[in-house]
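Protein chains in written order, with this note's numbering: chain A, 2 to 340; chain B, 16 to 249; chain C, 65 to 348.
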Amino acid sequence: MRRNLVVWLVVIAGLAAVPFLGMPVYLLHIAVQILLWGTVYTAWALMGRFGMMSLGHGGFLGIGAYVPALLWNYYGITPWIGIPLGVALAVLVAVAIGFPCFHLRVVGHYFALVTLALSEVTERGIVAARDITGGSLGLTPNTVSGTSLFALQFPDKRHFFVIALVVWLVGLWVWHMIDGSMTRLSMTASVEQDAAAAVGINVPREKLKILLVSAALTSLGGSMLGQYLMYVNPGTLSGVMVTLQMLFAAVVGGMYTALGPTMGSALTIILMESLRILFGTRFIGAANTIYGILLIVFTIFMPVGIWGFVVRCWERRAAAQRARETGATSAQGAGASAR
Amino acid sequence: MLELAKVSAGYGAFRALFDIDMSVRAGEAVGVIGPNGAGKTTLMRVISGLIRPRSGSITFDGQSIGGRRAHQVVAAGIAHVPENRRLFPRLSVEENLKIGAFVPAARAQLATRLASMYELFPPLKERRNQLAGTLSGGEQQMCAIARALMSGPKLLLMDEPSAGLAPVVVDQVFDLVQRIRTEGFTVLIVEQNVQGVLDVVDRAYLLEVGTIKLTGAAAELREHQFVRQAYLGM
Amino acid sequence: MDIFLVEAMVNGLLLGGVFALLALGLNLIFGVIDVVWIAYTELMMAGMYAMFWLYARYHWPFLAAAAAAIAVVAVLGLLTHFLIIGPILDAPPINQLLATGGLLFFLQSFATLLFSTEFRNIGVRLPTLEVAGMFISVARLLAFGVSLIGVGCLYAFLKRTYWGVAIRAIAQDRQIIGLMGIDQRRVYGITSAIGGALAGLAGCLLVLQYDVHPFIGLSFGPILFMICVLGGLGNMLGGLAAAFIVSEIIAVGGFYVSIDLSYVLAFVVFIGLMFWRPRGVFTR
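See the structure below:
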């Protein structure tokens with residue numbers, strides 16, 4: 002355990018140091034976005050991996066993006082307070098929706114469509130309140146010159162890279178925590194909600210826990226994106242389209258593993274940028290067209306996503322290796338019937 | 016008419032039937048008895064095409080039907096009355112009957128078939144516009160059997176027709192089976208009610224844990240020691 | 065009563081007609097096949113673009129263009145089922161939602177590639193009637209009328225024809241439908257084609273009132289889903305009722321406050337109603 006921790010710290014320190022070793026600003030920009038969006042997608046996948054398909058995360062993202070920005074612009078409240086307030090609001094909304102949903106067994110299609118309403122309301126609400134929020138034109142947080150810890154504004158992208166890294170690692174840590182906790186076992190058991198209840202698992206409460214964590218993390222991601230881009234817009238940081246984007250990245254990257262969604266994030270951003278570089282504005286819509294096809298293809302043929310597929314291959318190879326080491330026949334027999 | 020040779024079938028990794036050999040001749044009534052979980056329903060389903068056999072062959076009137084999809088098996092002339100009736104609850108009795116005659120050959124005969132079903136089963140005629148879900152157990156069974164007969168089958172498969180019915184109604188159901196027989200239909204019945212079914216069939220098979228343990232004329236089986244002890248409680 | 069309020073209410077009613085048509089299509093597919101086509105209003109968009117292309121660009125006569133557009137979307141419905149839903153019919157609902165989500169992305173973006181994000185108008189100017197001091201658009205009236213006819217035709221089809229009864233039957237017990245001699249795949253295909261056709265018809269009607277652009281599906285989709293869930297997914301009568309009720313809320317709400325706020329109101333009411341009756345307000 003001690004050794005693992007040391008290895009982790011070294012890796013993290015190494016990653017954090019990378020930008021300071023001289024990385025082109027453009028790549029840094031890409032890297033920060035991959036990390037931040039990766040956090041958001043990971044947050045979505047926390048629910049997706051257990052079959053809880055939420056189409057409402059656009060709402061949590063929007064709350065996280067707008068609350069600190071509005072508080073800063075209108076009341077000068079530092080994002081250090083604004084961001085937690087955004088998280089709190091997101092969690093509140095999550096409870097308001099999740100508690101009745103899970104207790105009333107609103108699941109599957111119903112849950113997806115009810116949460117869709119949340120994304121839609123958030124986007125429309127932001128647009129409707131255009132006098133405060135700037136509507137579809139978006140909002141720019143008041144800029145403070147230079148680096149400001151108080152305003153959480155860092156013109157130097159290298160600093161933001163470290164922050165993004167930390168946020169991303171927080172996301173991974175949350176995933177790891179849920180993996181290790183009873184919640185995960187309960188969630189896997191919750192496929193048969195009645196059977197799970199019969200052994201004392203409070204399924205609605207476990208589901209709600211995951212929803213709250215997911216909402217909080219999404220909100221945090223949204224806040225950080227707002228701070229980084231220094232611009233929030235209801236179309237890009239809330240609503241149905243961005244929610245679908247989360248779906249896509251999580252599924253193609255792989256929503257059953259910790260690193261899968263980040264992989265999805267890297268994929269989508271790199272794809273988008275490549276298309277932009279290659280074709281400029283000539284083929285707007287090409288990226289999403291490809292996303293659409295990929296989402297369909299992956300859902301049908303590779304629901305575990307790219308990373309999930311890679312992980313499975315590794316695991317299978319490791320198991321085969323172990324079998325070879327401990328003795329062929331018995332392990333092979335076990336392996337054959339397990340398939 | 017119907018021949019099963021070395022048929023095996025199951026669900027996923029679970030095998031329910033192992034190398035079943037069975038036959039039904041035209042005009043016969045054959046029963047399949049056995050305990051719960053023996054594979055009786057699986058047997059019905061593999062014949063009617065709801066599940067595919069893993070191995071072996073199923074021939075009907077000389078044609079191989081093993082592996083064919085259910086609607087093709089119906090077209091070939093086999094009708095299956097499913098376990099628990101499985102009527103369409105929010106369709107009327109008459110609509111249920113009409114649906115049974117979906118195959119083009121049967122649809123052409125719709126009016127005549129409907130009339131003869133109503134003659135055979137007068138209570139259905141009374142309740143023709145009632146929703147099938149509101150019928151009593153015995154009436155539902157009647158409706159389910161009539162629905163199957165609407166397709167004009169050469170062979171009728173019946174899966175536990177007496178299940179879940181009150182004793183008085185059970186007798187009525189077995190009377191029904193007798194009447195169907197006298198109308199000339201060939202019947203293969205799967206049943207847990209050994210006493211009742213052995214009274215109406217010519218021959219029977221005893222199915223236990225997916226294999227045929229015994230077979231013989233109904234009268235023989237009724238006297239068979241094993242059957243008497245295990246299933247007739249004597 | 066304020067004449068403008070009545071006008072708003074009438075307009076709400078007229079809009080409700082088209083939503084009723086769409087709700088019917090979505091509920092039909094859900095009731096029979098047990099999947100929600102998240103991309104349903106994008107199929108409608110495809111119909112609108114087909115109308116634009118055939119009528120405005122190639123100058124086909126209106127009815128011919130409409131018939132062709134409906135046929136196109138019916139085929140799209142078939143393709144959606146056999147290429148996308150078919151392979152994952154037995155997968156958990158989340159997979160089906162993901163796949164149709166992918167279709168949504170694809171249709172929107174493909175439309176952007178083909179037609180760019182410009183708003184396109186088919187250039188049909190239908191008059192506005194003045195009735196008792198209210199201004200009612202003929203396009204809206206037409207849409208309402210045709211929608212009702214469409215609903216009526218579907219009802220007749222489901223009640224009177226053999227395939228209609230088969231569709232109703234399979235929604236009640238899909239496992240034994242083969243025992244009736246009915247090919248399950250064919251029923252699904254027919255249902256998908258009808259679902260597509262209804263979306264196409266709705267598209268033809270809406271293209272008379274709205275400009276088409278790749279994201280127009282998003283203007284109608286979430287409300288449509290809300291309507292269907294309120295009415296009870298798969299409950300066709302419930303969907304009809306909910307379509308008119310929600311349209312009225314939006315129309316009347318839009319009269320008192322801004323249109324965006326009226327949508328917010330509708331959604332809030334929706335969420336509240338969902339928690340009162342999770343299976344749909346009109347479900348038995």
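The beta-carbon is built from N, C-alpha and C at its ideal position, and this holds for glycine as well. Here the structure is a predicted model, which is why all the values come from computation and not from measurement.
Assign T244(A) to buried or exposed, taking buried as 16 or more other Cβ atoms, counted over all protein chains shown, within 10 Å of its Cβ. buried
Which residue wins for smallest C-alpha separation from V118(B), given the options Y226(C), E71(C), G253(C), D275(C)? Y226(C)
Give the DSSP-derived three-state secondary structure of D12(B) in the structure shown. Shown here, chain B extends from 16 to 249; a query on residue 12(B) therefore has no answer.
Just the Cα atoms here: how many angstroms apart are S311(A) and S211(C)? The residue asked about is misnamed: residue 311(A) is Val in this sequence, not Ser. Those two C-alpha atoms are separated by around 50 Å.
Does the count of Cβ pairs from the region 106–116 of chain B and the region 75–84 of chain B closer than 8 Å reach three? no
V215(C) vs L272(C) beta-carbon contact at 8 Å: no
Note down the Cα distance separating A18(A) from S149(A), rounded to an integer number of angstroms. 21 Å
Got a sec: which bits of the region 243–260 of chain C sit with their beta carbon under 8 Å from any beta carbon on chain B, in order along the chain? L243, M244, G245, I246, D247, Q248
Please report the straight-line C-alpha distance between P101(A) and Y75(A), rounded to a whole angstrom. 34 Å
Does S239(A) come out as helix, strand or coil in the three-state DSSP assignment? coil
For a quick check, are the C-beta atoms of G242(C) and A85(B) less than 8 Å apart? yes
Please list the terminal residues of the continuous alpha helix (DSSP H) segment that includes I278(A). 261–280
Would you please verify whether the beta carbon of L90(A) is less than 8 Å from any beta carbon of chain C? no
Got a sec, what are the start and stop residues for the beta strand (DSSP E) L170(B) sits in? 170–174
Proximal residues, the region 202–234 of chain C versus chain B, C-beta separation under 7 Å: Y226, V229, A230, R232, A233
From the beta carbon of F284(C), is the nearest beta carbon of chain A less than 8 Å away? no
Would G167(B) pass as a contact of A130(B) if the rule is Cβ separation under 8 Å? no
So, is the C-beta of L17(B) closer than 8 Å to a C-beta in chain C? no
DSSP three-state label for V276(C), please. strand
For H30(A), go through chain C and note every residue whose CB falls closer than 9 Å to its CB, in chain order. Result: empty, since nearest Cβ-Cβ is about 24 Å, beyond 9 Å.
Exposed or buried, what is S55(A) when buried is set at 16 or more other beta-carbons lying within 10 Å of its beta-carbon? buried
Closest to V202(B) by CA distance: which of N51(B), H95(B), L172(B) is it? L172(B)
If we define contact as Cβ-Cβ less than 8 Å, is L65(B) a contact residue for chain C? yes
Three-way DSSP call (helix, strand, coil) for R340(A) in this model: Since pLDDT at R340(A) reaches only 40, below the 50 mark, its modelled position is unreliable, and the value read off the structure follows with that caveat. Looking at R340(A) - three-state DSSP - the assignment turns out to be coil, as it is neither helix nor strand.
Which residues bound the alpha helix (DSSP H) around L17(B)? Run containing L17(B): none in the alpha helix (DSSP H); it sits in the beta strand (DSSP E), 17–26.
Closer than 6 Å by C-beta to G80(C): which residues in its own chain qualify, once you throw out the five before and the five after it? Chain order, please. A307, F308, S311
Do we get a CB-CB distance below 8 Å when we pair D68(B) with the residues of chain C? The question names Asp, but residue 68(B) in the sequence shown is Pro. No, because no Cβ of chain C sits closer than 8 Å to the Cβ of P68(B).
I want to see whether chain B comes within less than 8 Å of Q236(C), judged by CB atoms only; does it? yes
Using a Cβ cut-off of 8 Å (strictly closer), state whether F346(C) contacts chain B. no
Does the separation of the CB atoms of T300(A) and L171(C) fall below 8 Å? no
Let me confirm a value: Y111(A) is counted as buried when at least 16 other C-beta atoms fall within 10 Å, else exposed. Which label applies? buried
Strictly by DSSP, which residues pair up with F29(B)? Y26(B)
Run through the region 144–194 of chain C for me and flag every whole alpha helix (DSSP H) of 4 or more residues, listed as ranges in chain order. 157–179
Residues of its chain near L69(C), where Cβ-Cβ distance is below 8 Å and the 5 sequence neighbours each way are ignored: V316, F319
Residue from L140(A), A250(A), F21(A) with nearest C-alpha to A46(A): A250(A)
Using 8 Å for Cβ pairs, my map puts G222(A) next to G306(A). What's the rounded Cβ distance? Incorrect: roughly 19 Å between the Cβ atoms, too far for contact.
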